[in-house]
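Chemist:
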Amino acid sequence: MTRTRILAALVMAPVAIAAVLLLPTPWMMLAAAIVFLAALWEWFGLAEVDDSLARGALLVLNLMLMVALVWGTGGTAATLVLFKLAVVLGVVWWLLAMLWLVHYDFASDHDTHARVFKLAAATFAVVPAWCGLALLHNDGPGWLLLALMVVWATDTGAYFAGRAFGKRKLAPRISPNKTVAGLVGGALLGVLVATIGAWILGTAPAQLPLVALVALLTVLFSVVGDLLESLLKRHVGVKDSGNLIPGHGGVMDRIDSVLAALPVFALGKIWLGF
C-alpha cells in the first residue's frame, strides 16, 4: 500500500504543479471545478445520498452556482467581488465547522435534517475553495502553488513530527492518528515554506511576518478541513470517501485540507495586501 501511495503521489504532484503553472486562469478554474465537483460527488455519499440521480441533480446545482459566479463577474477577472464574498463566507463556514468538531454527534443521526445540513456544508466548503483558488491564480500562479505547498508541507511536517514525538492525541475520537506534536511540526514547516516562498515571489521583507501569520491560520484551518472529513466518514462508518485514487482513497481524501486552506489564504492575501 505504501508503494502504491508513493507512486500515485509521484504522478499527481507533477500534474497538479504543471496545471497551476501552465494553465491560464480560466482553464485552471475549469480543471479545478472538475476535481472539486468529483469531491462533491463523494461528499454526497458521506451525506448518505445514495441515489445517483439525486446526486447528479445536486452536482448540477453546485455547478450552476459556479457558473453564476463567473457570469456575475461580467466575463472578466478584473472584477471578482462575488468571488471575494464567497471566500469570506467560506472562512465563516470553517469557523462554524470548528464547533461541529467539538459537538461530535451533531448531524450524526442519519435523518433528513442531518442530511440537509451536510449537503449545505458541502456547498459552503467546496464553492468558496474554488473561488479562493481562482483569486490566487488570478494574482499569479505562484501564489496558488504556494498555498498548495503550505498544505503539502503541513501534511509532511505533521507526519514526521507525529511519528517522532507524537504521544498526545489531537482529536482521538475523530482521527486517532493525529497528534499535538504533528500539528506543531506541520505548522512550523508550513509557515517556513510560506515565508520562503513569498520571499521568492517578491514579497517585501517587511510583509513576510504577515505572510507567516496567514500561513499559520491556513495551517490550522487545513487541519479543521481534514478533521471534518474524518468526522463525516466516522458518522457513516467508512474508511475512505471513495476509491478513485490507488492507495489514497477518494478525491475528497486528497483535498479535504485544501478546501479549508484556500479561502483562508486568499482572504489573508487580499486583506493584508501582500
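Note that my numbering has the sequence shown beginning at 14, numbered continuously upward. Cβ atoms here follow ideal geometry from the backbone N, Cα and C, with glycine treated the same way.
1. In chain order, what residues of the same chain have a beta carbon less than 6 angstroms from the beta carbon of serine 270, not counting five sequence neighbours either side?
2. Using a Cβ-Cβ distance cut-off of 7 angstroms, determine whether alanine 26 contacts chain B.
3. Measuring alpha carbon to alpha carbon, tell me which residue in Val232, Thr38, Phe57 and Gly85 is nearest glycine 263.
4. Please classify glutamate 61 as buried or exposed, where buried requires at least 16 neighbouring CB atoms within 10 angstroms.
5. Which partner residues does threonine 167 have in the DSSP bridge list?
6. Alpha carbons only, please: which of Leu159, Gly215, Leu82 and Thr192 is nearest the one belonging to leucine 205?
7. Between the alpha carbons of alanine 138 and phenylalanine 49, how many angstroms are there, rounded?
8. Terminal residues of the continuous beta strand (DSSP E) containing leucine 183?
9. Sort out for me which residues DSSP pairs aspartate 192 with in a bridge.
10. Ignore the nearest five residues each way along the sequence and tell me which others in methionine 41's own chain have a CB closer than 6 angstroms to its CB.
11. Which same chain residues end up closer than 7 angstroms to leucine 82 when comparing Cβ atoms and leaving out the 5 residues on each side of it in sequence?
12. Roughly how many angstroms lie between the CA atoms of alanine 46 and alanine 32, to the nearest whole one?
13. For glycine 103, write down the residues that DSSP places opposite it in a beta bridge.
14. Grab me the residues of leucine 285's own chain with a C-beta within less than 6 angstroms of its C-beta, minus the 5 sequence neighbours each way, in chain order.
15. For the alpha helix (DSSP H) holding glycine 55, just list the boundary residues, first then last.
16. Using the beta-carbon count (16 or more within 10 Å), is isoleucine 213 buried or exposed?
17. Can you tell me where the alpha helix (DSSP H) with isoleucine 283 in it begins and where it stops?
18. Can you tell me which of the three DSSP states threonine 86 falls into?
19. So, at 7 angstroms on beta carbons, what are the nonlocal neighbours of histidine 248 in its own chain, with the 5 sequence-adjacent residues on each side left out?
20. Name the residue from Ala219, Ala142 and Leu72 whose alpha carbon lies nearest to the alpha carbon of tryptophan 106.
21. Going by C-alpha to C-alpha distance, which of Ile187, Arg186, Lys131 and Ala147 sits closest to leucine 36?
22. What residue from His123, Val251, Gly281 and Leu196 has the CA that sits closest to leucine 221's CA?
23. For leucine 245, collect the residues of the same chain with a Cβ closer than 6 angstroms to its Cβ; drop the 5 residues on either side in sequence, then sort them by chain order.
24. Going straight from the alpha carbon of proline 218 to that of glycine 203, what length do you get?
25. Label alanine 135 either buried or exposed according to how many other C-beta atoms from any shown protein chain fall within 10 Å of its C-beta, with 16 as the threshold for buried.
26. Three Cβ pairs or more, each shorter than 8 angstroms: is that satisfied between the stretch 165–174 and the stretch 185–203?
27. I need the straight-line Cα distance from leucine 108 to tyrosine 117, nearest angstrom please.
28. By the three-class DSSP mapping on this structure, what secondary structure does serine 121 have?
Modeler: This is what the structure gives:
1. Closer than 6 angstroms at Cβ, skipping near neighbours: Val164, Ser235, Gly238 and Asp239.
2. Included in the structure is just one protein chain, with no chain B present.
3. The shortest CA-to-CA distance from glycine 263 to any of Val232, Thr38, Phe57 and Gly85 is the one to Phe57.
4. Flag for glutamate 61 reads exposed.
5. Answer is none; threonine 167 lacks a bridge partner.
6. Comparing Cα positions, the closest option is Leu159.
7. Taking the straight line joining both Cα atoms gives about 10 angstroms.
8. Residues 182–184.
9. Looking at the sequence shown, residue 192 is not aspartate but threonine. Answer is Lys182.
10. Cβ neighbours of methionine 41 beyond the five flanking positions: His150.
11. Leu95, Phe96, Ala99 and Cys144.
12. Each residue's alpha carbon lies about 13 angstroms from the other.
13. Its beta-bridge partners do not exist; DSSP assigns none.
14. Residues Leu223 of the same chain have their beta carbon placed closer than 6 angstroms to that of leucine 285, with the five preceding and five following residues left out of the count.
15. The residue asked about is misnamed: residue 55 is glutamate in this sequence, not glycine. First-last of the alpha helix (DSSP H) with glutamate 55: 38–59.
16. Exposed, by the Cβ-count rule.
17. For isoleucine 283, the enclosing alpha helix (DSSP H) stretches over residues 264–285.
18. Threonine 86: coil per DSSP, three-state reduction.
19. Counting only Cβ-Cβ distances below 7 angstroms, and skipping sequence neighbours, we find Ser121.
20. Selection Ala219, Ala142 and Leu72 evaluated against tryptophan 106 yields Ala142 as nearest (Cα-Cα).
21. Checking every option, the nearest Cα to that of leucine 36 belongs to Ala147.
22. Of the listed residues, the one whose Cα sits closest to leucine 221 is Gly281.
23. Close CB contacts of leucine 245 within its chain, under the 6 angstroms cut and outside five residues either way in sequence, are with Leu59 (chain order).
24. Between the alpha carbons of proline 218 and glycine 203 lies a distance of about 18 angstroms.
25. Its Cβ being crowded by 16 or more others within 10 Å, alanine 135 is buried.
26. Pairwise C-beta distances place the stretch 165–174 in contact with the stretch 185–203, as three or more of them are shorter than 8 angstroms.
27. Using only the alpha carbons, I get a separation of about 15 angstroms.
28. If DSSP states are grouped into helix, strand and coil, serine 121 belongs with coil.
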